[in-house]
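A quick write-up on the structure given underneath.
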Amino acid sequence: MAIKELRVALLAPVWGRRGGWSRVVEKMTPLIAEKVETTLFVPVNSTRMGGSFNFGVKYVLPPLSFHPLHPRVVKYTLRFLHDLRQGKYDLIQTYDSWPLSFLGGLGSRLFDVPLFVGAHGTAAIKPLFNMKTRQSLVWSYKIARAIFCISSFTKNMLERITGLSKFHILPLDGVDYEFFAKQRDISDLECKWGHGNIILTVAKLKERKGIDVSLKAFKYVKQAIYDAKYLIVGGGDPSPYKKLANELALRDVFFIGQVSDEELAKYYHLCDVFVMTPKRFGQDVEGFGLVYLEAGAAGKPVVASRHGGVADVVKHMKNGLIVPENDHESTAKAILTLLLDRRLSEKLGRGGREVAIQYRWNNAVDNLIRSWREMLQSGGENG
49 MAIKELRVAL LAPVWGRRGG WSRVVEKMTP LIAEKVETTL FVPVNSTRMG
99 GSFNFGVKYV LPPLSFHPLH PRVVKYTLRF LHDLRQGKYD LIQTYDSWPL
149 SFLGGLGSRL FDVPLFVGAH GTAAIKPLFN MKTRQSLVWS YKIARAIFCI
199 SSFTKNMLER ITGLSKFHIL PLDGVDYEFF AKQRDISDLE CKWGHGNIIL
249 TVAKLKERKG IDVSLKAFKY VKQAIYDAKY LIVGGGDPSP YKKLANELAL
299 RDVFFIGQVS DEELAKYYHL CDVFVMTPKR FGQDVEGFGL VYLEAGAAGK
349 PVVASRHGGV ADVVKHMKNG LIVPENDHES TAKAILTLLL DRRLSEKLGR
399 GGREVAIQYR WNNAVDNLIR SWREMLQSGG ENG
């Protein structure tokens, strides 16, 4: 089968919203559609996107947050299966695992269509620790020809938990390298925040992002560098972290909230060091770490914790410094090292560009389509 003849059904969890998954879907899908005939299936309650696309869009997947036996879930599962059969697709690819992999598994089994599953992190692993979802997720993994994992951590975890050997490291994610690498006029931000000794975190404010660790680390940094500032960009509730900052008697910590992509790029170029030190929180893990690549594209060194899939994109002494998880003292030392050793910072910043360029969106799509072709031609890896 020539790759240009492929008809592909893509299953996505979200569409037309701010946030990581919507960005992935909106970046990858048009690039995939340039090479193969593509239809995107999204939940019925997704935002209706205006404009024209080079792929079809069907709003027929059941609402993903509803109970599996809810009448709307049953109704739209049947609608999805009807449209899948009518489309005569050559393969099904889910952007993430649970519950998309289960829907894809139904279609694969009923209509003999090869299934490929994306495994991003939490949605690929956490349901395996829930008795209500474990059996269904493992079933879908067994049906799939292959599961494409965001990182070596996710791959190793899934192999250990399921005992299957069909997991591959192939991130369904990427970085808009040219956008973040582009030089910008940041004089407005420099006027507001000053110039030099600026530490930046970009993250949704939730427990596993380790904002508490970096705040505790900043206390040590502030003692050594009096004019250091810590800027935190991202949505979520800042109140527990503001409380912690007050308890630590910290000055010059600023919660900026969500910003536009253009403003985000300017903040990356403004900062001297990018910091995010994720940590385990229950079964929640950092599956990848796109923000390290965005900072790297802007030529900035990073400080990251040894957690989840972070080590796949942050190489110690290549594009950043890796510290132990949940260790604010080591984090502080790493930040100070980069602020005080400009030569090392510049070296790691150059390394950041070299790593980030490997994760361009076009590269991610080329790797995905190449894998489809190879596995379809070889008969795949049936469970």
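In the working numbering, the protein residues as written are 49 to 431.
Glycine included, every Cβ here is placed at the ideal spot set by N, Cα and C.
Own chain residues within Cβ distance below 6 Å of residue i, not counting five before or after
i       : result
Val-403 : Gly-344 and Asn-367
Thr-125 : Pro-110
Leu-32  : Any question about residue 32 goes unanswered here, given that the chain covers just 49 to 431.
His-168 : Asp-144, Ile-198 and Gly-335
Ile-417 : Lys-83
Asp-300 : Lys-277
C-alpha gap between residue i and residue j, whole angstroms
i       : j       : result
Pro-78  : Glu-377 : 44 Å
Pro-91  : Val-84  : 22 Å
Ile-383 : Gly-399 : 17 Å
Ser-184 : Leu-392 : 49 Å
Lys-277 : Ile-173 : 36 Å
Val-371 : Asn-415 : 31 Å
Ile-234 : Leu-279 : 15 Å
Leu-387 : Gly-64  : 39 Å
Ile-51  : Lys-267 : Confidence in Ile-51 is poor, its pLDDT being 47 and thus under 50, which makes the residue's placement unreliable; the coordinate value appears in the next sentence. Each residue's alpha carbon lies about 55 Å from the other.
Trp-224 : Trp-409 : For the sequence presented, residue 224 should be read as Asp rather than Trp. Going by the C-alpha atoms only, they are around 7 Å apart.
Pro-349 : Ser-200 : 22 Å
Gly-68  : Ile-259 : 19 Å
Asn-430 : Val-321 : Because Asn-430 sits at a pLDDT of 47, beneath the cut-off of 50, its placement in the model cannot be relied upon, and the following sentence gives the value as read from the coordinates. Asn-430 and Val-321: Cα-Cα distance of roughly 46 Å.
Ser-188 : Tyr-316 : 40 Å
Thr-87  : Leu-176 : 29 Å
Glu-74  : Tyr-274 : 42 Å
Lys-270 : Ala-251 : 21 Å
Gly-283 : Ile-304 : 9 Å
Val-281 : Asp-309 : 11 Å
Gln-306 : Phe-159 : 43 Å
Ser-419 : Leu-163 : 13 Å
Thr-210 : Arg-182 : 10 Å
Leu-296 : Phe-103 : 52 Å
8 Å CB neighbourhood of residue i in its chain, flanking five on each side removed
i       : result
Lys-230 : Ala-313
Cys-319 : Ile-246, Ile-247, Leu-248, Leu-279, Ala-343 and Lys-348
Tyr-407 : Pro-219, Asp-221, Gly-222, Val-223, Tyr-225, Leu-341 and Val-361
Asn-294 : none
Gly-242 : Asp-275 and Lys-277
Beta-ladder partner(s) of residue i, from DSSP
i       : result
His-364 : Gly-368
Lys-277 : Ile-246
Glu-85  : Arg-55
Ala-167 : Cys-197
Leu-109 : Pro-91
Val-121 : For Val-121, which the question treats as bridged, DSSP gives no partner whatsoever.
Val-413 : Its beta-bridge partners do not exist; DSSP assigns none.
Val-301 : Tyr-278
Gly-284 : Leu-253
Gly-104 : Thr-87
Boundaries (first-last residue) of the alpha helix (DSSP H) holding residue i
i       : result
Arg-157 : 148-159
Glu-238 : 235-241
Gln-271 : 259-272
Ile-209 : 200-210
Phe-329 : Run containing Phe-329: none; DSSP gives neither H nor E here.
His-317 : 309-318
Limits of the beta strand (DSSP E) - the one that residue i falls within
i       : result
Gln-406 : Run containing Gln-406: none; DSSP gives neither H nor E here.
His-216 : 215-217
Val-350 : 350-353
Thr-142 : 139-142
Residues of its chain near residue i, where Cβ-Cβ distance is below 7 Å and the 5 sequence neighbours each way are ignored
i       : result
Asp-221 : Val-72, Ile-198, Phe-336, Leu-338 and Ala-412
Leu-148 : Leu-59, Pro-61 and Thr-142
Review point. So does the stretch 346-354 actually touch the stretch 315-329, counting three or more Cβ pairs closer than 8 Å?
Key: yes
(message) Whether or not the stretch 97-104 and the stretch 246-253 are in contact is what I'm after, with contact meaning three or more pairs of Cβ atoms, one per stretch, closer than 8 Å; do they touch?
(response) no
How about the stretch 284-301 and the stretch 209-217: do they share at least three Cβ pairs that are nearer than 8 Å?
no
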